[in-house]
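The structure appears below as structure tokens.
Protein chains: 2
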Amino acid sequence: MPTATAKESEIDVLIIGAGPAGLMAGNALARNGVKVRIIDQRPDRVAAGQADGIQPRTIEVFQSYGLADRLLKEGNQMHMAAFYNPSPDGGIELTDRVSDVTAESARYPFEVTLHQGAIESIFSDSMRSFGLEVSRPVVPTSVHLSDDESDLNDPHAHPIRVVLQHLQPNNQAETEIVHARFVIGADGAHSWVRKSFGIEMEGEQTDYIWGVVDLKADTNFPDIRNKCAIHSNNGSCMIIPREADKVRLYIQLDSKGPHVTSNGRIDKEKLHPHYLLEEARKTLQPYYIQTPEKFDWWTIYIIGQRVASRFSVKDRIFIVGDACHTHSPKAGQGMNASMNDSHNLAWKLTHVLKGWAEISLLKTYEFERRKYAQDLINFDKQFAKLFSGKPRTEACQDGVSHEDFLKIFQAFGGFTSGIGIHYAESSLTSQKHQTSAKNLIVGQRILPQIFLRAADSRPVEIQDLLPSDARFKVLVFTGNSSNLEQLKKTWTVSKELDKLFSNVAAGRAMFDILTISSATKAEVRYNDLPKSLWSHWSKVLIDDTDLKGVQGGDGYRKYGVGSDGAIVIIRPDGYVGMIAPLDRVQDLEAYFSGFARI
Amino acid sequence: MPTATAKESEIDVLIIGAGPAGLMAGNALARNGVKVRIIDQRPDRVAAGQADGIQPRTIEVFQSYGLADRLLKEGNQMHMAAFYNPSPDGGIELTDRVSDVTAESARYPFEVTLHQGAIESIFSDSMRSFGLEVSRPVVPTSVHLSDDESDLNDPHAHPIRVVLQHLQPNNQAETEIVHARFVIGADGAHSWVRKSFGIEMEGEQTDYIWGVVDLKADTNFPDIRNKCAIHSNNGSCMIIPREADKVRLYIQLDSKGPHVTSNGRIDKEKLHPHYLLEEARKTLQPYYIQTPEKFDWWTIYIIGQRVASRFSVKDRIFIVGDACHTHSPKAGQGMNASMNDSHNLAWKLTHVLKGWAEISLLKTYEFERRKYAQDLINFDKQFAKLFSGKPRTEACQDGVSHEDFLKIFQAFGGFTSGIGIHYAESSLTSQKHQTSAKNLIVGQRILPQIFLRAADSRPVEIQDLLPSDARFKVLVFTGNSSNLEQLKKTWTVSKELDKLFSNVAAGRAMFDILTISSATKAEVRYNDLPKSLWSHWSKVLIDDTDLKGVQGGDGYRKYGVGSDGAIVIIRPDGYVGMIAPLDRVQDLEAYFSGFARI
Ligand SMILES: Cc1cc2nc3c(=O)[nH]c(=O)nc-3n(C[C@H](O)[C@H](O)[C@H](O)COP(=O)(O)OP(=O)(O)OC[C@H]3O[C@@H](n4cnc5c(N)ncnc54)[C@H](O)[C@@H]3O)c2cc1C
Ligand SMILES: Cc1cc2nc3c(=O)[nH]c(=O)nc-3n(C[C@H](O)[C@H](O)[C@H](O)COP(=O)(O)OP(=O)(O)OC[C@H]3O[C@@H](n4cnc5c(N)ncnc54)[C@H](O)[C@@H]3O)c2cc1C
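Those protein sequence lines, which keep their order, are chains A and B. End of the first sequence sits at 599 in the numbering used here; the numbers just go up one at a time, nothing left out. End of the second sequence sits at 599 in the numbering used here; the numbers just go up one at a time, nothing left out.
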């Protein structure tokens, strides 16, 4: 209980929980220079197990924070998905092998698998370079949000009072009081923050019980390094190959068995990994799998598919990750969705705290992410049902056929990869001039594409020039700047953009400009373009193939931009915000005035 | 002078000089577990200037040591070469832009430019991870090689006695005596080691004088970020864009001028960078270039094109790098050739020291590298002459035309990039079965190619599976292993290779096997192949496109391997050593018995 002597302090953002969602938020905010703290009740970070699949879109997001190199170095890559079904002789046989990732535009056409502890380390090491460390073990004991309207509307106020307990080895605790402008509840499925504000989870527990076991597998199964969905007459099993030659097995468990108590509840104590492996062996017949010397990790997992009724309290308290939605692990969505919640929220908080945006901008967090979570649940329900169902065989004609399964697997490919995430029309996403760059879908992430730097013909992936640094990126497609007529237009655009920048409170600090000409590498002169359209020579690009003719080129066509050019606004999180013809800069001004402070 | 109390020690290899050549040798040997020391007379490493261009083949070599990532992260890339010539109005104009690298098979189709100090740091950091540091400032004061034949033929003997002086701040020196099995003289153009053994430099000093200046250039010259060869009526100039927005200018200087004394010698003291810049300005007209606040580095450079008469003394003392060959800096060869000498030598020393190879293997170092150095000089002479010549104009009809220049530039592209290096037939390169993989030229480096890992369909560049770890790589192209007939042959091959391995003194330790099937990703079962052909599942590859159909495939055809398969031996330095049909494993045995201990 707080005493009169408890330490008191003020902070911009307090993050409760340092799992994937909390760490993503902490890293992004610290990188943006926001005053942030992050606490966790665990004395140490996760060492093994839990989630481990990073989807293609999440890899792109990692890259935007400069974290993909390490992820790719440490992780395993899943390129192929293999499907096994009952064979006529009672075992299983290979039915099909397909690409694990079906989203066509994925820059990284695979999933990365790496245990959650390693993923958390990537974030905590990065955070540390920005001066932020997780305080642990620390728990909040009370949280109070002011209901004074003037406080709530004043971004400089600290309307949230949180009492923290620093747990000590001697079972004593030290109390601290924190006054925060914003709180992020990233405290997992049993979220204390969520419960503190009485937010309901909507949806239901399913009765699919899955055992999970991580091991190094000595086996003659030929697809042990591919993602496998195995349907046998003895049960279903999923294989996820992992880093360092490890493999995860997801095993469908009977609702009867040693792990189920007489009153129908799960008894984890009764669940030995040997038992899980035994179940997997039945499914994998005729292939063998040896018992390893040790099991790296195991758990039992009951699928809950639920979404919180609200994701925020008065735009001051936000919940992210498992705290506001849970999914079956089968489609590998939980951790990905969790991190992407924070990715969506962090730049918005930054803008409000820097005085760049109105506080109302924060409403778009729930608007965008709750809809996504619901869509995910709907998908998950279909997928989990199919996955847990009996395979169709001679004897079982109403079972799930491979064709049904594959159809769902592929139809939802854009969705499961995260590539297809689409934020609906709002103050942040204006479809007004969608036709000016018709393949850059407003509300979706920008399509990866290789352009050349005009000054030195070096090929660059445009996504690499769009870091998650809280700035809006203004992509000026000039058309062919070697053409004098078109070059003149860029001078007008440059003046109008200067005006736009000077009209917002943030000024140029909120923007980064990339200029993309359709001139060729043989003729382009990057310094012919107006200087205010390129803060550095490396930011003038051309749409041409590299000198070997293998990379780049055709970007205007792929993006659906005509020879007249266009301006494309990319949000700080990499999603297309708005598009305008070169002569409609005033419409961009209207867009920004919808949320930016003037 | 050594006293009775001088410290004495034994070492396998003593490297004298820690420039690019010495560091490459030190890193490679330390990585291979050889007992090695490296000394340098300078108290600190190079901070700026000197050489700075890493050629495409050298980047591949860096990659084979795991050092390319950092090189690419820190360095600038030159993709484009631009040519400027006199314009009718007295200034210069763009004549042409072409790919800087013309070697078709270059994996990295560009040059990396980075100052020599940064390149040296990459090596010294890597060396440190293997426990090796440069001892400095230390100089050798005497070296003596035994002439006892039995000592010289015994790889365990230490026939070299070197006296070292550790220089102290107080101008005193501490003396040490080192007994070495081998010495590498990597002590630069004025090599003490070379002179100690009276080795002559053959060739002559040229009279081309070049000034070199490094600066951040504020200019309106549109090709400032491309490599430029500029011929004007006021002189010639070469531009090399560098890391961190720096630029190097190479400026042709008059044989008269403030830098030339009355008796025709260069006076460096008279040479201000301002003067160099002024000369460059004359050439660059009508473009401006501002005087920077500071110049990063400058020098004056006289082209010497010489090769040492011998590269070794009794196969115990070796000289590498500038110690045995010097070149004009124009084609950026000096540092590259230097590092590649050591790359060639290091694995051979390793094999002898580990008792894997006969000492006679070391003769191939001079055989291979001296010929290369001579070819380089011949090329360099033509190139430097062209470069330093007057441009052809109306008034000067016997000047150098752009067409002449471009022809040489492109004709020698394979050569300057290092990609075309070709070691002639010797005990290490047997052309006997060249036709079995007709595009993998024996004596050239293995062509880069993307294959898929059979077990998980992940695309991999084959060069990445051929690290510089002193092992010979045995590439078994099995043909289509899904075909039972062909699979049976691989079982025979596997038995015969086992026999070969057991017949050499080193055993399997000297080899790594990669197995490359032409089966498709849909049907392949990596574990059908005999276990002794894959030490790990990641070492079974297939020749198929990746799941998006953009990378890989067609490797058998590109390599010229038929459906019958073939075995390709890659030397530890990445060069093709020998090829054999699957049923001629005995010819490989003959090849290895030419140098390996039995
Ligand atoms: C045992 C287990 C097994 C799982 N297995 C799988 C799997 O096999 N496959 C899969 O895809 N997903 C699995 N998941 C789900 C996956 O781990 C989550 O989707 C993902 O971690 C969500 O990230 P998050 O940051 O929102 O929540 P979490 O990772 O749960 O992180 C929440 C953090 O908040 C901390 N915290 C909680 N309450 C408080 C508090 N009151 N005060 C301070 N700190 C607090 C916790 O210590 C934790 O560090 C598993 C989860 C668990 C717990
Ligand atoms: C001043 C200068 C300018 C240059 N400019 C260019 C350029 O503009 N462009 C270009 O391409 N190349 C240039 N070079 C050449 C390029 O640096 C060399 O080709 C390259 O460094 C060769 O590498 P190396 O290791 O063989 O020799 P070096 O780099 O010369 O290294 C030799 C090392 O041995 C040490 N050493 C010498 N004698 C002894 C001794 N007795 N005892 C102990 N240590 C000793 C030296 O201190 C040095 O560290 C320049 C070289 C110099 C010296």
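Beta carbons are placed, not taken as given, at the ideal position from N, Cα and C, and that holds for glycine.
Closer than 9 Å by beta-carbon distance: list the chain A residues that pair up with residue i, in chain order.
i: W538 of chain B; result: I225, R226 and D246
Residue i by DSSP, collapsed to three states: which one?
i: W298 of chain B; result: strand
i: S122 of chain B; result: helix
i: A456 of chain B; result: coil
i: F478 of chain A; result: strand
i: H403 of chain A; result: helix
i: P44 of chain B; result: coil
i: R509 of chain A; result: helix
i: I360 of chain A; result: helix
i: T176 of chain A; result: strand
i: P3 of chain B; result: Bear in mind that the predicted position of P3 of chain B carries a pLDDT of just 45, short of 50, making it unreliable; the figure below should be weighed with that in mind. Note: P3 of chain B maps to coil in three-state DSSP.
Within the same chain, show all residues whose beta-carbon is closer than 6 Å to that of residue i, passing over the 5 residues directly before and after it, in chain order.
i: M579 of chain B; result: S431, I570 and Y592
i: I303 of chain B; result: I210
i: Q375 of chain B; result: V308
i: A581 of chain B; result: H434, I568, D588 and L589
i: F124 of chain B; result: L24 and N28
i: G414 of chain B; result: T103 and A104
I want to check one thing, is the minimum distance from the CB of residue i to the heavy atoms of ligand 1 below 7 Å?
i: Q306 of chain A; result: no
i: G212 of chain A; result: no
i: Y209 of chain A; result: no
i: W193 of chain A; result: yes
i: D188 of chain A; result: yes
i: A324 of chain A; result: yes
i: Q411 of chain A; result: no
i: A29 of chain A; result: no
i: G18 of chain A; result: yes
Could you name the residues of chain B that residue i contacts, counting a contact when the two beta carbons are closer than 7 Å?
i: N221 of chain A; result: N528
i: L548 of chain A; result: H80, M81, S100 and P110
i: D499 of chain A; result: By Cβ distance, chain B contributes nothing, its closest Cβ being about 21 Å from D499 of chain A, past 7 Å.
Return yes when the C-beta of residue i is under 7 Å from any heavy atom of ligand 2, and no when it is not.
i: S418 of chain A; result: no
i: V551 of chain B; result: no
i: A52 of chain B; result: yes
i: G340 of chain A; result: Contrary to the premise, residue 340 of chain A reads as Met rather than Gly in this sequence. Because no heavy atom of ligand 2 lies under 7 Å away, the Cβ of M340 of chain A does not count as near it: no.
i: G575 of chain A; result: no
i: R43 of chain B; result: yes
With a threshold of 8 Å between beta-carbons, can residue i be considered close to chain A, or not?
i: D399 of chain B; result: no
i: S127 of chain B; result: no
i: S88 of chain B; result: no
i: K217 of chain B; result: no
i: K522 of chain B; result: yes
CB-CB under 7 Å to residue i, same chain, minus the five flanking residues each way: which ones, in chain order?
i: G508 of chain B; result: F502
i: L15 of chain B; result: R38, V163, V179, A181 and V184
i: E369 of chain A; result: N345 and Y424
Identify the contact partners of residue i in chain A, using a Cβ-Cβ distance below 7 Å as the criterion.
i: S482 of chain B; result: Per Cβ cutoff of 7 Å: no residues; S482 of chain B is ~12 Å from chain A at best.
Who are the Cβ neighbours of residue i in its own chain at under 8 Å, not counting the five residues just before and after it?
i: I301 of chain A; result: I210, W211, G212, V213, L254, H260, I267, K269 and L272
I'd like to know whether the C-beta of residue i is nearer than 8 Å to at least one C-beta of chain B.
i: A230 of chain A; result: no
i: S458 of chain A; result: yes
If the cut is a Cβ gap below 9 Å, which residues of chain B does residue i touch?
i: A242 of chain A; result: According to the sequence provided, residue 242 of chain A is Pro. The question's Ala does not apply to it. Residues of chain B passing the Cβ test: A456 and D457.
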